[in-house]
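One structure is given here, and the rest of the page talks about it.
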Amino acid sequence: MTTTPLPWARLLLTGAAGTLGRVLTPPLAAAASDLVRSDLPAALAAVPGPDTMPCDLADAAAVRRLLQGVDAVVHLGGFSVEGPFAPILQANIVGLVNLYEAARLNGTRRIVFASSNHVTGCYEQGRDTDPGEPPRPDGFYGVSKLFGEGLASMYHDRYGIQSVCLRIGTATVEPPDRRGLSTWLSHADLARLVLACLRAPDVGFTVAYGVSANTRSWWNTPVNRAAWARLGYQPQDDSERFAAQVEQLLLPEGPQRRLQGGSFLGIGPFDDTPSP
Ligand code: NAI
Ligand code: 15L
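According to my numbering, the sequence shown is numbered sequentially starting from 805.
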């Protein structure tokens, strides 16, 4: 993997103590001249270092301080699974407004936003799905990522902040089950993708799926390939080599097995009142 320096003086990584933050820290640190890692204070304590700045994304003033002098952001911080609306509202909706407002006020030029495949999680599995198609989120979490994509679009149109919204699939060491054979993003391809988003000369406002070159991908569509070409992303991995190992690992019958969002379709509702 190339370690050509990034064209940004100061790069911020949010969610740095999380699973993907830890995966991305080494390649980003190798490429960035000045990397700042941020997360909630308690989480950040587990990955200490002189380059860390604790911050709760829901605290507007703290986020504004965090973005001072920051040229580009890899934004991973937030509530990362389906769950009740209240914490998702704070971390993913209020937090994202705080991030984009701070970027506008501080002159930050580019944000790579970890969106999610759950923006389109209610499409059928096996159906080729394209970033240009109507969203079909599968829960509060997917809706919060859709809000983030809308916010990114607005801040590009009105204030010229460039954004790549990455609808990440399943970024794990190995695909966990049969669904993962379609949704898997290897950690090496994740690093390639994020570095491409930071290196591309002009990303404007781009929405792309974050997935490896899986034989069974549901997102290998012309519009998605065009977005990857614009970013300069060329995935190298294919989940097919894990097929024999995980093909028999199926999610429960029903929406979880039928729809792209998989297990998230089995979470909720969160109110005691039964659905009609
Ligand atoms: P994670 O849950 O391991 O990490 C998220 C980090 O965000 C945590 O360290 C957490 O402390 C931090 N965070 C939560 N609320 C915060 C707040 N209010 N202020 C500051 N930091 C806060 O999640 P993971 O797996 O590392 O994912 C990273 C990002 O990528 C998330 O935004 C997730 O939604 C997105 N994503 C991940 C996928 C995956 O396969 N891991 C797939 C699709 C999207
Ligand atoms: C996501 O958005 C989640 O953050 C991650 O934990 C996985 O569940 C992933 O999607 C997935 O769909 O596999």
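Virtual Cβ for every residue (Gly too), placed ideally from N, Cα, C. Computed from a predicted structure; not experimentally measured.
Hey, would you say residue i sits closer than 8 angstroms to residue j, going by beta carbons?
i	j	result
P980	V1050	yes
V916	V851	no
I965	A907	yes
W1023	Y1013	yes
F883	N902	no
V846	G899	Before going on, a small fix: residue 846 reads as Ala here, not Val. Contact flag unset, no.
R841	L824	no
T1025	D961	no
F1068	G925	yes
Can you tell me the Cβ-Cβ gap for residue i and residue j, rounded? I've got them flagged as a contact below 8 angstroms.
i	j	result
Q1040	N921	The Cβ separation is near 20 angstroms, so there is no contact.
A865	L815	Not confirmed; about 22 angstroms, so no contact.
I972	L950	14 angstroms between Cβ atoms; not a contact.
A918	L870	Rounded, the Cβ-Cβ distance is 17 angstroms, inconsistent with contact.
G943	G1072	6 angstroms
Taking just the CA atoms, how far does residue j sit from residue i?
i	j	result
A992	D1076	42 angstroms
M888	T987	At residue 888 the sequence reads Pro, which differs from the Met that was named. C-alpha separation (whole angstroms): 24 angstroms.
R1062	L1053	14 angstroms
Y927	P938	10 angstroms
D1006	Y959	15 angstroms
P811	D838	11 angstroms
L985	A813	37 angstroms
N1018	I892	30 angstroms
R1020	A1004	27 angstroms
T829	S1079	43 angstroms
Note the first and the last residue of the continuous beta strand (DSSP E) segment covering residue i.
i	result
A918	914 to 920
V968	966 to 972
R841	839 to 841
L1010	Here residue 1010 is Thr; the residue named in the question, Leu, does not match the sequence. Residues 1009 to 1014.
Within the continuous alpha helix (DSSP H) that includes residue i, where are the two ends?
i	result
T823	823 to 835
T987	982 to 987
V1050	1047 to 1050
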